[in-house]
Amino acid sequence: AQSVSQHNHHVILSEAASLELGCNYSYGGTVNLFWYVQYPGQHLQLLLKYFSGDPLVKGIKGFEAEFIKSKFSFNLRKPSVQWSDTAEYFCAVIYGGATNKLIFGTGTLLAVQP
Amino acid sequence: GAGVSQTPSNKVTEKGKYVELRCDPISGHTALYWYRQSLGQGPEFLIYFQGTGAADDSGLPNDRFFAVRPEGSVSTLKIQRTERGDSAVYLCASSVDANEQFFGPGTRLTVL
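Protein chains in written order, with this note's numbering: chain G, 363 to 476; chain D, 26 to 137.
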């Protein structure tokens, strides 16, 4: 079945620490990959996306993600987190080209301590 | 400009009742999506429209759920004979293409 796994459900970091959130998908065909973020009290918004080309993609607010096809992974990274990065982070995938439906992971709640 | 809007923001109903949830997409966005999010889970796809037609309704859980988009803009998600398990946040999103879906604030549905 098409699915998305996020292994870290709850992460607590201090400011300036580095962040890496894991995301794995289940399908070996064509995929479009996304990271969405939901700040407290706000809507889901797009952080970054990968469709093709350079597997290292850069998004807003200093976030980046690397697509590793052989590992079916699309991990999110940030070298130095800030208190304002406290949010819930969702990895999402569009499988194949016939539909635009997003399959989401269960999310990772990140708390950054000042 | 205006984002995706959803009404009501909160809806409390009793088991067995009928509810309608409304979504106003971003002007000019041809695709519209419905998801629902239960506590501690990621959003789960329900249905998406391209224009007026349902392009993919594979996520609707059963025939109590139905959605329409008669003029290719506003959409209504309709739930008949609500059950306690239908309690969730119902999210709407719209997009021009597959590049980015813009999400609304959601409608929190509570079935007592």
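A virtual CB, placed ideally from N, CA and C, is assigned to each residue, including glycine.
In this structure, DSSP gives D/Lys42 a state outside helix and strand, which the three-state scheme calls coil. Among the residues facing chain G, D/Gly84 is included, as its CB has a counterpart in that chain under 8 Å away.
For G/Lys440, the three-state secondary structure derived from DSSP is strand. Between D/Asp49 and D/Ser63, the C-beta gap is not smaller than 8 Å, which leaves the two residues out of contact.
Nearest CB-CB separation between D/Tyr115 and chain G: not below the 8 Å threshold. Only exposed fits D/Leu137, as fewer than 16 other CB atoms lie within 10 angstroms of its CB. The beta carbon of G/Gln475 sits closer than 8 Å to the beta carbons of Ile374, Leu375, Ser376, Glu377, Trp445 from its chain, once the five residues preceding and following it are set aside; these are given in chain order.
Between G/Gly467 and G/Ser380 the beta-carbon gap is near 21 Å, outside 8 Å, which marks them as no contact. A check of alpha carbon separations from G/Thr392 across G/Asn386, G/Gly469, G/Gly458 identifies G/Gly458 as the nearest. In the DSSP assignment, G/Ile430 is bridged to G/Ser435. The residue among D/Thr38, D/Arg47, D/Lys42, D/Glu39 with its C-alpha nearest the C-alpha of D/Thr32 is D/Arg47.
When 7 Å is used as the limit between beta carbons, D/Gln126 is near these residues of chain G: Leu464, in chain order.
Chain-order list of chain D residues neighbouring G/Ile456: Ala123, by C-beta distance under 7 Å. Against G/His405, the close residues of chain D are Gly28, Val29, Leu116, Phe127, Phe128, Gly129, Pro130, Gly131, in the order they occur along the chain (beta-carbon pairs closer than 9 Å). Contact annotation for G/Thr468 against chain D: Gly65, Gln66, Gly67 [CB-CB distance below 9 Å, chain order].
In the DSSP assignment, G/Leu406 falls within the beta strand (DSSP E) that extends over 406-412.
Residue pairing for G/Cys385: DSSP places it in no beta bridge. Counting the other CB atoms within 10 Å of its CB gives D/Gly53 a total below 16, which places it among the exposed residues.
For G/Lys420, the secondary structure class from DSSP, reduced to helix, strand or coil, is strand.
DSSP lists D/Ala56, D/Gly78 as the bridge partner or partners of D/Gln75. Under the Cβ criterion of 8 Å, G/Asn394 is counted among the residues facing chain D. Per DSSP, reduced to three states, the secondary structure at D/Arg109 is helical.
Within chain D, the residues whose beta carbon sits less than 8 Å from that of G/Lys411 are Asn124, Glu125, listed in sequence order.
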